[in-house]
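Q: Residue numbers (the working numbering): 267 to 577. No residue lacks a Cβ here, since even glycine has one placed at the ideal position from N, Cα and C. On a predicted model such as this, the values are computed, not experimentally measured, just so you know.
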Ligand code: AHR
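1. Say the cut is 6 angstroms; is the CB of residue 527 nearer than that to a heavy atom of the ligand AHR?
2. Helix or strand or just coil, what does DSSP make of residue 483?
3. Of all the options 546, 428, 480, 340, which has the alpha carbon lying nearest to the alpha carbon of residue 292?
4. Among 493, 482, 438, whose alpha-carbon lies nearest the alpha-carbon of residue 465?
5. With contact counted as at least three CB pairs below 8 angstroms, one residue from each stretch, are the stretch 383-402 and the stretch 557-566 in contact?
6. Which residues bound the beta strand (DSSP E) around residue 290?
7. If we ignore side chains and look at the alpha-carbon of each, how far apart do residue 554 and residue 504 end up?
8. Out of 484, 400, 321, state which residue places its alpha-carbon closest to the alpha-carbon of residue 525.
9. Taking the Cβ atom as the reference point for each residue, do residue 425 and residue 372 lie within a distance shorter than 7 angstroms?
10. What separation, rounded to the nearest whole angstrom, lies between the Cα atoms of residue 302 and residue 316?
11. Who are the Cβ neighbours of residue 499 in its own chain at under 8 angstroms, not counting the five residues just before and after it?
12. I need the boundaries of the alpha helix (DSSP H) containing residue 306, first residue and last residue.
13. With a floor of 4 residues, list each alpha helix (DSSP H) that falls wholly inside the stretch 343-368, ordered by position along the chain.
14. Pair every Cβ in the stretch 353-369 with every Cβ in the stretch 527-534, then say whether three or more of these pairs are closer than 8 angstroms.
15. Would a C-beta distance cut-off of 7 angstroms place residue 477 and residue 408 closer than the cut-off?
16. Can you name, in chain order, every residue of its own chain whose Cβ lies under 7 angstroms from the Cβ of residue 538, other than the five neighbours on each side?
17. Within the same chain, show all residues whose beta-carbon is closer than 6 angstroms to that of residue 449, passing over the 5 residues directly before and after it, in chain order.
18. Should residue 413 go down as buried or exposed, given a rule of 16 or more other Cβ atoms within 10 Å for buried?
19. Does DSSP put residue 455 in a helix, a strand or coil?
20. CB-CB under 7 angstroms to residue 348, same chain, minus the five flanking residues each way: which ones, in chain order?
21. Rounded C-beta distance between residue 386 and residue 359? I'm assuming under 8 angstroms.
22. For residue 552, which of helix, strand or coil comes out of DSSP?
23. Taking its Cβ as the centre, do 16 or more other Cβ atoms sit within 10 Å of residue 581, making it buried, or is it exposed?
24. Is residue 574 near the ligand AHR, with its Cβ less than 6 angstroms from a heavy atom?
25. Bridge partners for residue 382 per DSSP, in chain order?
26. Measure the alpha-carbon distance for residue 452 versus residue 325 and round it to whole angstroms.
27. CB of residue 340 to nearest heavy atom of the ligand AHR: below 6 angstroms?
28. Tell me, to the nearest whole angstrom, how far the beta carbon of residue 535 is from that of residue 376; I am working on the premise that it is less than 8 angstroms.
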């Protein structure tokens, strides 16, 4: 009985990937702009290795055109499943249609796309970015009694987390007439640009009035901390800082009193993507959305969590 069961399931499982052929997943990553992104890449690679999946990895170096080329090359190679983390949310519809014609299922990893036909992808695995922005806004409102003059370090223009985190944050602070975003500029999700933009904010004539920073990710917040220290401003005290991701360096900055809050965004989604890839290759049903469960960390709980941080 056992043998028959094993043979049957092995036979079913291998149907679409061709006899003994390994499952091949093409994965187009955005780049390596942040510590979060590096952890995400490692998660995908480790999970593929553990699951015995042949991962064809491509780094788009922040360029949509590179990503589109990679997706076309996955089609040409005849991979079983395509996963990708779209650098921006628009402009992918034509290539997604080509992928559909080639009958290759698509998983969106971490970021969503704007498409007229949602059936162009099978599943999205990632975070609720609007909720993350909302949590950051609510944390700031609670810790400032609803009074703050805020500067915002925005992520990559056109990227889903930049659009959605802004939306969620603005929605949360809209309930507090004493909270205003006075400057908003992209730092492209990188530490270097976060620092550069914060330096410019601190040099502006109205810099003295700034009481808070909302950074769309930890790397930009860490860059802003550097800029403040160089300008003789005490990060975390003179200016409160709230950011998103929950990378180890952000926890260390909270423990050091330089960052006030980080809203978690979980990059460790590789295991789920491999699991869904196998199911899709076997024509099984998969959930339309798999949303990560995430926490909020500040001086009350960061030190306790720091030793457990995996990224
Ligand atoms: O899409 C997730 C975001 O992209 C992370 O917040 C950020 O660090 C990354 O670059």
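A: In brief:
1. For this step, residue 527 is matched to residue 261 along the chain shown. Residue 527 Cβ: outside cutoff for every heavy atom of the ligand AHR.
2. Numbered from its first residue, the chain shown carries residue 483 at position 217. In the structure shown, residue 483 sits in coil (DSSP, three-state: anything other than H, G, I, E or B).
3. For the purposes of this step, residue 292 is taken as residue 26 along the chain shown, with counting starting at 1. Answer by Cα proximity: 340.
4. Taking the chain shown and counting its residues from 1, the one referred to as residue 465 is at position 199. Looking at 493, 482, 438, the one whose alpha-carbon comes closest to that of residue 465 is 493.
5. yes
6. For this step, residue 290 is matched to residue 24 along the chain shown. Where residue 290 is concerned, the enclosing beta strand (DSSP E) stretches over 290-295.
7. Sequence index remark: in the chain shown, residue 554 carries index 288 (1-based). Sequence index remark: in the chain shown, residue 504 carries index 238 (1-based). Their backbone Cα atoms lie some 44 angstroms apart in a straight line.
8. As a first step, residue 525 is located in the chain shown; it is residue number 259 there, counting from the start. The residue with the shortest Cα to Cα distance from residue 525 is 484.
9. Within the chain shown, numbered from 1, the residue matching residue 425 stands at position 159. Within the chain shown, numbered from 1, the residue matching residue 372 stands at position 106. For residue 425 and residue 372, no; Cβs fall outside 7 angstroms.
10. As a position in the chain shown, residue 302 is number 36, starting the count at 1. As a position in the chain shown, residue 316 is number 50, starting the count at 1. Taking the straight line joining both Cα atoms gives about 21 angstroms.
11. Against the chain shown, residue 499 aligns to sequence position 233. The answer, listed in chain order, is 468, 505.
12. Walking along the chain shown from the start, residue 306 turns up at place 40. Run containing residue 306: 301-317, per the alpha helix (DSSP H) assignment.
13. 359-367
14. no
15. Residue numbering aside, residue 477 sits at position 211 when the chain shown is read from its first letter. Residue numbering aside, residue 408 sits at position 142 when the chain shown is read from its first letter. Taking 7 angstroms as the Cβ cut-off, residue 477 and residue 408 do not qualify as a contacting pair.
16. As a working mapping, residue 538 is identified with position 272 in the chain shown. Cβ within range, chain order: 391, 556.
17. Looking up residue 449 in the chain shown gives position 183. Excluding residues up to 5 positions away in sequence, 417, 467 lie with their Cβ nearer than 6 angstroms to the Cβ of residue 449 in the same chain.
18. Counting from 1 along the chain shown, the entry for residue 413 is found at position 147. By the 10 Å Cβ count, residue 413 comes out exposed.
19. Walking along the chain shown from the start, residue 455 turns up at place 189. Here residue 455 sits in coil by DSSP.
20. Within the chain shown, residue 348 is the residue found at index 82, counting from 1. 292, 337, 340, 365, 370, 372.
21. Locating residue 386 in the chain shown gives position 120, counting from the first residue. Locating residue 359 in the chain shown gives position 93, counting from the first residue. At roughly 7 angstroms, the Cβ-Cβ gap stays under 8 angstroms, so residue 386 and residue 359 are in contact.
22. Your numbering for residue 552 matches position 286 in the chain shown. Looking at residue 552 - three-state DSSP - the assignment turns out to be coil, as it is neither helix nor strand.
23. Any question about residue 581 goes unanswered here, given that the chain covers just 267 to 577.
24. The residue you call residue 574 lines up with position 308 of the chain shown. False, no ligand heavy atom lies under 6 angstroms from that Cβ.
25. As a position in the chain shown, residue 382 is number 116, starting the count at 1. As far as DSSP is concerned, residue 382 takes part in no beta bridge.
26. Mapped onto the chain shown, residue 452 falls at position 186. Mapped onto the chain shown, residue 325 falls at position 59. Roughly 22 angstroms separates the two Cα atoms.
27. As a first step, residue 340 must be located in the chain shown, where it is residue number 74. Outside the cutoff, so no.
28. Residue numbering aside, residue 535 sits at position 269 when the chain shown is read from its first letter. Residue numbering aside, residue 376 sits at position 110 when the chain shown is read from its first letter. So it is a contact: roughly 7 angstroms between Cβ atoms.
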